[in-house]
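**Student:** Okay, handing you the structure first.
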Amino acid sequence: MEIDAVNKWEKGVVGILNLQGWNLEWAGAGYSHYDARGTTPQGLDCVIEMKFRTKYYKTKMMEKYKYDALMDLSEDVVRLYFVNDPKGNYMYWLDSMDMPEPVERYCPDTTLWTRKRMIKKVYLLKEGWSKKMNLFFK
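Numbering (the numbering used here), first residue to last: 3 to 140.
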């Protein structure tokens, strides 16, 4: 997926969540460990990392370094991981999760402009650990 398309999806999720009582701002196209920041419907400060997958996988992959970067943020912020794939939208509340042991996977390089692959440490998150969300877009 091209970066312009990813940015549009991120903005779309922010807009839809805001209609559901969130108060979020898109973090912008620059490099950051999260894609949106603001408050939850309960008024708690939060950040959201988002992933948009074109293929369905039973477990949702999160890179360990991204998780670590989110966990290094202020303790006063709720850390969330949103995944969209062909079967649904999943929101993981990272602060309340016991993460599984990381595993190594052969993954694309983090940059969108290369086609290199490398071994990365990742977490494989079960769908049942998330709150499945009904966001009406495709």
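Cβ coordinates follow ideal geometry from the N, Cα and C atoms, glycine included.
#1: Under DSSP, the beta strand (DSSP E) around L72 begins and ends at which residues?
#2: Can you name the start and end residues of the beta strand (DSSP E) that G90 belongs to?
#3: Please name the residue or residues paired with T61 in a DSSP beta bridge.
#4: Suppose only complete runs of 4+ residues qualify. What are the alpha helix (DSSP H) ranges in the region 29-55, listed by chain order?
#5: Among residues of its own chain, excluding the 5 on either side of F139, which ones have a beta-carbon nearer than 8 Å to its beta-carbon?
#6: Flag N25 as yes when its Cβ comes closer than 6 Å to any non-hydrogen atom of the ligand ZN, and as no otherwise.
#7: Could you give the DSSP three-state label for K10: helix, strand or coil?
#8: Which stretch, first to last residue, makes up the beta strand (DSSP E) that contains N86?
#9: Exposed or buried, what is A31 when buried is set at 16 or more other beta-carbons lying within 10 Å of its beta-carbon?
#10: Tell me the rounded alpha-carbon separation between T56 and D111.
#11: If the criterion is Cβ atoms closer than 7 Å, does the pair T61 and K122 meet it?
#12: Buried or exposed: E27, going by 16 or more other Cβ atoms within 10 Å of its Cβ?
**Tutor:** On the basis of the coordinates in this document:
#1: Against the sequence shown, residue 72 aligns to sequence position 70. Where L72 is concerned, there is no enclosing beta strand (DSSP E), although the alpha helix (DSSP H) it sits in stretches over K66 to M73.
#2: Sequence index remark: in the sequence shown, residue 90 carries index 88 (1-based). It spans G90 to W95 - the beta strand (DSSP E) in which G90 sits, taken as one unbroken run.
#3: As a first step, residue 61 must be located in the sequence shown, where it is residue number 59. According to DSSP, T61 bridges with K128.
#4: none
#5: Position 137 of the sequence shown holds residue 139. Since pLDDT at F139 reaches only 48, below the 50 mark, its modelled position is unreliable, and no value is offered.
#6: This structure simply doesn't include the ligand ZN, nor any ligand for that matter.
#7: Within the sequence shown, numbered from 1, the residue matching residue 10 stands at position 8. Three-state result, K10: helix.
#8: As a first step, residue 86 is located in the sequence shown; it is residue number 84 there, counting from the start. It spans V80 to D87 - the beta strand (DSSP E) in which N86 sits, taken as one unbroken run.
#9: Working through the sequence shown from its first residue, we reach residue 31 at position 29. It counts as exposed.
#10: Position 54 of the sequence shown, counted from the start, is the residue given in the question as residue 56. Position 109 of the sequence shown, counted from the start, is the residue given in the question as residue 111. Cα to Cα, T56 sits roughly 17 Å from D111.
#11: On the sequence shown, position 59 is the one that residue 61 refers to. On the sequence shown, position 120 is the one that residue 122 refers to. Not a contact, by the Cβ cut-off of 7 Å.
#12: For the purposes of this step, residue 27 is identified with residue 25 of the sequence shown, where counting begins at 1. So E27 counts as exposed.
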